[in-house]
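Report on one structure; see the data block that follows.
In this note's numbering, the protein residues as written are 7 to 488.
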């Protein structure tokens with residue numbers, strides 16, 4: 007059995023950005039793409055991560071690689087394989103890099119042996135494909151152990167770490183101690199924030215590249231009101247009537263029309279909210295660091311305070327069986343469900359737990375898009391966050407966003423200008439108060455949403471992301487000694 011799976015990537019033209027970028031930005035994008043195509047002639051850019059579906063990294067790769075391929079650059083995407091114990095260990099590392107103990111399991115010699123063996127098997131297979139001068143981008147802790155073998159091929163190897171913590175603690179130090187032996191030989195690193203770069207890394211080898219979104223993808227493309235209504239009613243997230251000519255439609259990445267066929271699994275007490283009901287929405291993986299239980303408890307305080315306009319809460323995440331590299335998803339959802347069942351009847355009746363179908367990634371993205379666009383407020387009350395692309399997505403859709411002042415969320419939201427930051431994500435009374443104020447002041451909510459959209463347009467589109475990668479590759483080529 008092969009240990010690597012190649013994800014097929016389509017073609018997306020950079021010309022689509024003409025509708026959102028000015029002429030000077032488009033000229034720079036075209037010139038950089040042409041220069042990179044010439045530089046990388048007959049070479050391959052390999053991206054390696056641990057899953058093709060679920061999470062921001064997979065979504066970014068699908069879009070960014072499609073634009074790169076359309077520029078004539080041979081870009082490929084490989085997904086590693088591992089057994090459940092390997093992914094339990096890497097999930098533990100994921101939590102630790104966020105400063106959290108996760109399941110508290112050890113990161114000792116036994117765990118290192120499992121990690122190294124999985125990395126070795128995957129690295130051996132990839133090394134048979136890589137040639138000198140190729141570029142290999144390894145994403146996150148799951149792939150770091152592959153580095154040494156791939157450096158030996160003569161390729162440019164770059165480790166891209168999308169996660170981190172703003173300060174160090176025992177958990178962060180333990181994670182870096184585990185990963186450090188695999189990173190020493192790597193010629194370049196990419197981090198999301200300066201604060202995430204560990205002290206032992208040569209900061210001269212480190213580049214800061216913030217994530218981005220593809221505003222034309224099914225997750226972020228424009229949807230008219232009829233499509234939003236049709237998608238939400240069809241999936242069972244909201245209740246309402248839909249005319250025969252109203253189709254739950256969206257466009258796939260290649261521009262072809264499609265429609266949402268599957269429905270969401272929704273746990274609720276009583277009826278679905280109507281289309282007129284203001285919804286507070288959080289969309290995330292079922293991950294304790296996203297604090298879905300805390301979101302419910304904070305919303306319960308809003309309900310207890312006679313919430314305005316009878317708002318209701320939708321907590322949405324992927325079907326827990328659909329994300330292979332996240333072994334905690336099922337247990338986290340079970341914990342959320344157990345907490346929901348303990349809540350008073352009046353609170354439970356206004357909280358909806360939706361697990362969204364993920365068999366068709368584009369369909370899942372379209373459902374999320376419709377839900378975010380319909381939301382009165384989008385929440386991301388994470389306890390820790392690497393960057394928080396769900397925040398970027400909601401901001402692009404001109405939604406007022408209430409999010410924790412942690413990680414890369416702080417690089418996106420200016421408090422009171424284009425969103426609201428929660429200084430202490432565990433202060434549930436303050437969280438409820440912010441929600442109440444925004445629900446009572448729709449004009450302020452609208453202003454925040456408009457400013458949020460412009461913030462994303464200026465700073466978090468995929469074109470800028472590609473330009474930074476191009477500059478990094480140019481620098482690595484200049485350092486090469488083949």
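Backbone N, C-alpha and C fix where the C-beta goes; we use that ideal spot for every residue, glycine too.
Quick caveat: nothing in here was measured; it's all calculated off a predicted structure.
Close beta carbons around residue i, own chain, < 8 Å, minus the five adjacent residues each side
| i | result |
| --- | --- |
| residue 77 | 20, 39, 40, 42, 43 |
| residue 346 | 273, 302, 354, 357, 359 |
| residue 488 | Note that residue 488 scores 37 on pLDDT, short of 50, meaning its location in the model is unreliable and no value can be drawn from it. |
| residue 157 | 163, 191, 192, 193 |
| residue 395 | 62, 65, 66, 217, 219 |
| residue 459 | 401, 402, 403, 404 |
Simplified DSSP assignment, three categories, for residue i
| i | result |
| --- | --- |
| residue 84 | strand |
| residue 22 | helix |
| residue 440 | helix |
| residue 317 | coil |
| residue 386 | strand |
| residue 110 | coil |
| residue 415 | helix |
| residue 194 | strand |
| residue 472 | helix |
| residue 71 | helix |
| residue 454 | helix |
| residue 135 | coil |
| residue 467 | strand |
| residue 349 | coil |
| residue 393 | coil |
Own chain partners of residue i with C-beta closer than 7 Å, once the 5 adjacent residues on each side are dropped
| i | result |
| --- | --- |
| residue 178 | 102, 103, 105, 171 |
| residue 380 | 234, 238, 285 |
| residue 326 | 292, 335, 336, 339, 361 |
| residue 343 | 273, 359 |
| residue 186 | 206 |
Beta-bridge pairing of residue i - partner residues as DSSP gives them
| i | result |
| --- | --- |
| residue 128 | For residue 128, which the question treats as bridged, DSSP gives no partner whatsoever. |
| residue 430 | Answer by DSSP bridge pairing: none, since residue 430 is not bridged. |
| residue 13 | 83 |
| residue 407 | 384 |
| residue 324 | 362 |
| residue 421 | 425 |
| residue 214 | 197 |
| residue 182 | The partner list for residue 182 (beta bridge, DSSP) is empty, contrary to what the question assumes. |
| residue 52 | 82, 142 |
| residue 219 | 467 |
| residue 357 | 319 |
Environment of residue i [buried if 16+ CB atoms lie within 10 Å]
| i | result |
| --- | --- |
| residue 206 | exposed |
| residue 153 | buried |
| residue 7 | With a pLDDT of only 45 at residue 7, under the threshold of 50, the placement of this residue in the model should not be trusted, and no figure is reported. |
| residue 403 | buried |
| residue 438 | buried |
| residue 174 | exposed |
| residue 465 | exposed |
| residue 297 | buried |
| residue 375 | buried |
| residue 390 | buried |
| residue 491 | Nothing can be reported for residue 491: it is not among the residues displayed for the chain, which extend from 7 to 488. |
| residue 17 | exposed |
| residue 11 | exposed |
| residue 259 | buried |
| residue 114 | exposed |
| residue 446 | exposed |
| residue 423 | exposed |
| residue 351 | exposed |
| residue 134 | exposed |
| residue 269 | exposed |
| residue 290 | buried |
Minimum Cβ-Cβ distance from residue i to chain B less than 8 Å
| i | result |
| --- | --- |
| residue 41 | Here chain B cannot be found, since the structure has a single protein chain. |
Cβ-based neighbour list, residue i, same chain, cut-off 6 Å, excluding 5 preceding and 5 following
| i | result |
| --- | --- |
| residue 429 | 411 |
| residue 304 | 434, 437, 438 |
| said: Please give the ranges of any alpha helix (DSSP H) in the stretch 144–174, keeping only runs that are unbroken, at least 4 residues long and fully inside the region. | reply: 147–150, 153–157
| Which parts of the stretch 238–307 are runs of the alpha helix (DSSP H), unbroken and 4 residues or longer, counting only runs that do not cross its ends? | none
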